[in-house]
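Contents: one structure, followed by commentary.
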Amino acid sequence: MTEVEAIDRSALVLFSGGQDSTTCLAWALERYRHVETIGFDYGQRHAVELTCRAPIRDAMRRLSPVWNARLGDDHLLDASVIGKIGNTALTSDAAIEFDAEGLPTTFVPGRNLLFLVLAGAVAVRRHLTIVVGGMCETDFSGYPDCRDDTVKAMQVALNLGMNRRFALETPLMWLDKAATWRLAEALGDQVFVDLIREQTHTCYLGDHVTRHAWGFGCGTCPACLLRARGYETYRSIFPGKTT
Ligand code: ZN
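Here this note's numbering is used: the first residue of the sequence shown is 1, the next is one more, and so on.
So, in structure tokens, the structure goes:
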């Protein structure tokens, strides 16, 4: 959180209120002179995540005067059409499991593609030239729309379709969850790691009551397991920081 020379560009961060997107927000705030955030309400079971967004933004402002100066508006878009597609464990009570193709039932076809299109549209209106997303291929949960090639293809499609020169940046693409915790520490020290533990939400089942060392969650859904294992690995590598 030392002040570094910002790149004189402006960014829009896909910010859900989860661990990954909160880390991406800090990453962008360290880099760019002006940073706005965008979130999507699509009737997700874990809508509790949306209620975390404003408090996280406020807490990040308090954490760093540099971040406070660079953080701009938030945009929350209604993407409820996704919930109408149906048959996904993210928006219905369907069990979280894997189908014959190896795709988890939490996969919503086209969800991240749609988010990138909507983010691109907002970025045009707001004159923002960088779009930052927490897509990750390493702890790949089986989502084809989080692949590096998919994001690169979307960058080309958005630039052609919107006549812009966007850069889509994915700082977590090649990091595992332990490295993502480590990145958070590098960006904002232990206080930022603690903020992520206390205030972000990852659990697919929307459990924001059960407390663990790594934060709140049911502890058994795929998102909780990834987060928990990553945190344990991070702590085993950097035990001196244990709280
Ligand atoms: Zn969970």
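Glycine included, each C-beta is placed from N, C-alpha and C at the ideal position. Keep in mind the model is a prediction, meaning the values are calculated, not measured.
| query | result |
| --- | --- |
| For T170 and G230, believed in contact at Cβ under 8 Å, the rounded distance | Contact doesn't hold; Cβ gap of about 17 Å is too wide. |
| Counted within 10 angstroms of its Cβ, other Cβ atoms place A178 as buried (16 or more) or exposed | buried |
| Three-pair Cβ contact test at 8 Å for the segment 153-163 versus the segment 200-207 | no |
| Pairwise C-alpha distance: R211 and T242 | Confidence at T242 is low in this model, with a pLDDT of 49, below 50, so its placement is unreliable and the value that follows should be read with caution. Each residue's alpha carbon lies about 16 Å from the other. |
| Residue span of the alpha helix (DSSP H) that contains V151, given as start and end | D148 to M162 |
| Distance cut-off 7 Å: D58 Cβ against heavy atoms of the ligand ZN | no |
| Closer than 5 Å to the ligand ZN: residues, by C-beta to nearest heavy atom, in chain order | C203, L205, G217, C218, C221 and C224 |
| Cα-Cα separation, F166 to V122 | 12 Å |
| Whether A26 touches L187 by CB criterion (8 Å) | yes |
| Simplified DSSP assignment, three categories, for L183 | helix |
| Cβ neighbour criterion (16 or more within 10 Å) applied to W174 | exposed |
| L114 beta carbon less than 8 Å from that of R70 | no |
| Neighbourhood of N112 by C-beta distance below 8 Å, restricted to the same chain and skipping five residues each side | G133, M135, Y143, D145, C146 and T150 |
| Three CB pairs or more closer than 8 Å across the segment 15-23 and the segment 116-130 | no |
| Sheet register partners of D36 (DSSP bridge) | Looking at the sequence itself, residue 36 is Glu, so the reference to Asp does not match. E36 pairs with L12. |
| As assigned by DSSP and simplified to three states, the class of T242 | Legend: pLDDT at T242 = 49, less than 50; position of this residue unreliable, value from coordinates given subsequently. Three-state DSSP puts T242 in coil, outside helix and strand. |
| For L76, the first and last residue of its enclosing beta strand (DSSP E) | L71 to D78 |
| Under the three-state DSSP convention, the category A167 falls into | strand |
| Identified DSSP bridge partners for G215 | H212 |
| Straight-line Cα distance separating H201 from V48 | 7 Å |
| Nearest-angstrom beta carbon gap, A119 and L14 [assumed within contact, 8 Å] | 6 Å |
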